[in-house]
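According to full-length UniProt numbering, the sequence shown is numbered sequentially starting from 1.
Note that beta-carbon positions come from the ideal geometry of N, C-alpha and C, so glycine has one too.
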Amino acid sequence: MKNKGAKQKLKRKGATSAFGCDLTEYLESSGQDVPYVLKSCAEFIETHGIVDGIYRLSGVTSNIQRLRQEFGSDQCPDLTREVYLQDIHCVGSLCKLYFRELPNPLLTYELYEKFTEAVSHCPEEGQLARIQNVIQELPPSHYRTLEYLIRHLAHIASFSSQTNMHARNLALVWAPNLLRSKEIEATGCNGDAAFLAVRVQQVVIEFILNHVDQIFNNGAPGSLENDGNGSSWHTPHQPILLSCHSHGAQGKVRVARF
Numbered sequence: 001m002k003n004k005g006a007k008q009k010l011k012r013k014g015a016t017s018a019f020g021c022d023l024t025e026y027l028e029s030s031g032q033d034v035p036y037v038l039k040s041c042a043e044f045i046e047t048h049g050i051v052d053g054i055y056r057l058s059g060v061t062s063n064i065q066r067l068r069q070e071f072g073s074d075q076c077p078d079l080t081r082e083v084y085l086q087d088i089h090c091v092g093s094l095c096k097l098y099f100r101e102l103p104n105p106l107l108t109y110e111l112y113e114k115f116t117e118a119v120s121h122c123p124e125e126g127q128l129a130r131i132q133n134v135i136q137e138l139p140p141s142h143y144r145t146l147e148y149l150i151r152h153l154a155h156i157a158s159f160s161s162q163t164n165m166h167a168r169n170l171a172l173v174w175a176p177n178l179l180r181s182k183e184i185e186a187t188g189c190n191g192d193a194a195f196l197a198v199r200v201q202q203v204v205i206e207f208i209l210n211h212v213d214q215i216f217n218n219g220a221p222g223s224l225e226n227d228g229n230g231s232s233w234h235t236p237h238q239p240i241l242l243s244c245h246s247h248g249a250q251g252k253v254r255v256a257r258f
């Protein structure tokens, strides 16, 4: 998907700002398969962002806000501008911000309990089947976006010797942006309860990262190579890069180690 075509499609469809918009509604209105913000950031980071602490270190706030404004006005920012090449971490921060502002998280409020329960059982083979089953319950737009993001993060994890960002570290910084509990957000939690919630979120994302090929090997609800409108996205056998020219502590959860 090229910049000009993507921008024209967004305007033609009358899409609103990607940020803070329901994922399914936004993708349907814009005609995109996965969020253009994600595609753009992922391509940039895979090309220019194999650096220490990618996705862990924060970029300059003013640069993040500038990028947010440009994407939010249906522009396709030129991420190769010197200001962004000198502050690569602002692109990673922007990508996380997009997911953090989704009104319904990528893994959805509705499936939070199922995801946390899925990783509280042993052995690992049982966890894999449970996680696969829950992921299959995601809305098609969430499934497609999750697969794209996880394949991107798994690719970044393969450069951990250069970035110090292996799967566990990536899961730690990404989990709160992807998996959230509406109940916990409403009531708040601290101390042991907060630690437990963060830990379980991390375990879920780390497990998905470590089993990406097994989880996404059978196609998906709404997965596509072509949607009939000329829009296509990567499949498990295609390269990840796409051109832009991305409760309380009651009832302790037993977190499995892997």
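- TYR55 carries a coil assignment under DSSP once its states are collapsed to helix, strand and coil.
- In the same chain as ASN164, and ignoring 5 residues on each side of it, the C-beta atoms closer than 7 Å to its own belong to ASP52, GLY53, in chain order.
- Between the stretch 96-103 and the stretch 20-33, the count of C-beta pairs closer than 8 Å reaches three or more; the two stretches touch.
- With a threshold of 16 other beta carbon atoms within 10 Å, GLY49 meets it and is buried.
- Just so you know, the alpha carbons of CYS95 and CYS76 end up roughly 14 Å apart.
- With contacts defined by Cβ atoms closer than 8 Å, LEU209 and ALA157 form a contacting pair.
- Residue environment analysis places LEU85 among the exposed positions, since fewer than 16 neighbouring C-beta atoms fall within 10 angstroms of its C-beta.
- Under the DSSP assignment, GLY92 falls in the alpha helix (DSSP H) whose first and last residues are 89-100.
- Pairing LEU107 with LEU178 gives a Cβ-Cβ distance under 8 Å.
- If you compare the alpha carbons of ILE135, ASP87, VAL37 with that of GLU110, the shortest gap goes to ILE135.
- DSSP places ILE135 within a helical segment (H, G or I) once states are collapsed to three.
- In this structure, the alpha-carbon of SER40 lies about 24 Å from that of SER161.
- Between THR116 and VAL200, the C-beta spacing is below 8 Å.
- Remark: C-beta atoms of PHE71 and VAL37 approach each other more closely than 8 Å.
- Residues SER141 of the same chain have their beta carbon placed closer than 6 Å to that of LEU27, with the five preceding and five following residues left out of the count.
- Approximately 14 Å separates the beta-carbon atoms of VAL198 and VAL119; this is outside 8 Å, ruling out the contact.
- Look at SER181 here: in three-state DSSP terms it is coil, with no helix or strand label.
- For ARG66, the enclosing alpha helix (DSSP H) starts and ends at 61-72.
- Annotation for LEU146: the continuous alpha helix (DSSP H) segment containing it runs 140-157.
- Assigned with DSSP and collapsed to three states, ASP33 falls in coil, not helix or strand.
- Comparing alpha-carbon positions, the option among ARG130, TYR55, GLU125, GLU137 lying closest to ALA171 turns out to be TYR55.
- Burial check for GLY92: the Cβ neighbour count within 10 Å reaches 16 or more, so the residue is buried.
- Counting only the Cα atoms, ALA167 lies some 18 Å from HIS89.
- In the three-state reduction of the DSSP assignment, TYR109 falls in the coil class, being assigned neither a helical nor a strand state.
- At the C-beta level, GLN127 and PHE216 stay beyond 8 Å of one another.
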